[in-house]
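> In terms of this note's numbering, the sequence shown has 92 at position 80, counting the first letter as 1, and numbering is strictly consecutive.
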Amino acid sequence: MEPTRLELLAPFVPVLARCMRQHSTAVVTLALKCLAIMCRYPLPTLRGHTQELARRSLSLLRGGVSATSALSQECIKLLTSLLHTNCGWDATDTQLRALLESSFTDIEDSSTQATTFRLLRVILGRRVVIDSVYDIVYLDQDIARSSKIPFAHRT
């Protein structure tokens, strides 16, 4: 993307970060969607807000939101993007464990599998060694074996 267009996007990061503090689920969900897309671009203002965005997303996930809700799925997508693009968020093992536990609660639900497997792929790419990852990989293996989809048996 052209640098002039990146300059136009940069002022929206603090605004969207403030939107994540709203009490309206629709506003927060939309802000999460926008931020997850913006993580793909090298925005200097994003680096300054990365810790705040990650902390707020994790607190929303821990807030008792259903794993299949749009809000929790967008939180997981934003955190996955922050991990994948290396925007300056160095997640601790405790944060990764909490993220894995909250996102893989209902792994057999087909509507959330794409998001959760992308998160797992990003975490495995970082070569993180925590026991939760192994538990999830074993669970994934069992799901692949019992799946009715032929593609799942080949993976």
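Note that the Cβ used here is the ideal one computed from N, Cα and C, for glycine as well.
At which residue ranges does the segment 97-154 contain complete alpha helix (DSSP H) runs of 4 or more residues, listed in the order of the chain?
Entirely contained in the segment 97-154, the alpha helix (DSSP H) runs reaching 4 residues are, in chain order, 105-115 and 125-137.
> Run through DSSP, which three-state label would Leu94 get?
As a position in the sequence shown, residue 94 is number 82, starting the count at 1. Three-state result, Leu94: helix.
> Is the beta carbon of Thr127 less than 9 Å from the beta carbon of Thr92?
The count along the sequence shown starts at 1 and reaches residue 127 at position 115. The count along the sequence shown starts at 1 and reaches residue 92 at position 80. Cβ distance < 9 Å, so Thr127 and Thr92 count as in contact.
> Measuring alpha carbon to alpha carbon, tell me which of Ala79, Phe24 and Val40 ends up nearest Leu111.
Your numbering for residue 111 matches position 99 in the sequence shown. Leu111 has its Cα closest to that of Ala79, out of Ala79, Phe24 and Val40.
> Identify whether Ser46 lies in helix, strand or coil by the three-state DSSP scheme.
Walking along the sequence shown from the start, residue 46 turns up at place 34. Note that residue 46 is Cys in the sequence shown, not Ser. Note: Cys46 maps to helix in three-state DSSP.
> Using a threshold of 9 Å, state whether the C-beta atoms of Thr37 and Gln85 are closer than that.
Start at 1 with the first residue of the sequence shown, and residue 37 comes out as number 25. Start at 1 with the first residue of the sequence shown, and residue 85 comes out as number 73. Cβ distance not < 9 Å, so Thr37 and Gln85 don't count as in contact.
> To the nearest angstrom, report how far apart Arg52 and Gln153 are at their CA atoms.
Start at 1 with the first residue of the sequence shown, and residue 52 comes out as number 40. Start at 1 with the first residue of the sequence shown, and residue 153 comes out as number 141. Using only the alpha carbons, I get a separation of about 30 Å.
> Is the separation between the beta-carbon of Gln34 and that of Ala48 shorter than 9 Å?
Here residue 34 refers to the residue found at position 22 when the sequence shown is read from its first residue. Here residue 48 refers to the residue found at position 36 when the sequence shown is read from its first residue. Against a cut-off of 9 Å, the Cβ pair of Ala48 and Gln34 comes out as no contact.
> Taking just the CA atoms, how far does Val140 sit from Lys45?
Locating residue 45 in the sequence shown gives position 33, where the first residue counts as 1. Locating residue 140 in the sequence shown gives position 128, where the first residue counts as 1. Each residue's alpha carbon lies about 26 Å from the other.
> Please report the residue range of the alpha helix (DSSP H) in which His35 lies.
The residue labelled residue 35 in the question sits at position 23 within the sequence shown. Neither: His35 is in no alpha helix (DSSP H) and is coded neither H nor E.
> Helix, strand or coil, according to DSSP, for Ala66 in the structure here?
On the sequence shown, residue 66 is found 54 positions in, with the first residue counted as 1. Looking at Ala66 - three-state DSSP - the assignment turns out to be helix.
> Using beta-carbon positions only, say whether Leu21 and Leu55 come within less than 9 Å of one another.
By 1-based counting over the sequence shown, the position of residue 21 is 9. By 1-based counting over the sequence shown, the position of residue 55 is 43. In this structure, Leu55 lies closer than 9 Å to Leu21 by Cβ.
> Starting from Leu55, follow the alpha helix (DSSP H) in both directions and report where the run begins and ends.
Locating residue 55 in the sequence shown gives position 43, where the first residue counts as 1. Per DSSP, Leu55 belongs to no alpha helix (DSSP H) and is neither H nor E.
> Measuring straight from C-alpha to C-alpha, what distance separates Thr167 and Ala156?
Stepping through the sequence shown from its first residue, residue 167 is reached at position 155. Stepping through the sequence shown from its first residue, residue 156 is reached at position 144. Low per-residue confidence applies at Thr167: pLDDT is 49, beneath 50, and the placement is therefore not dependable, though the value from the model is reported in the following sentence. Going by the C-alpha atoms only, they are around 8 Å apart.
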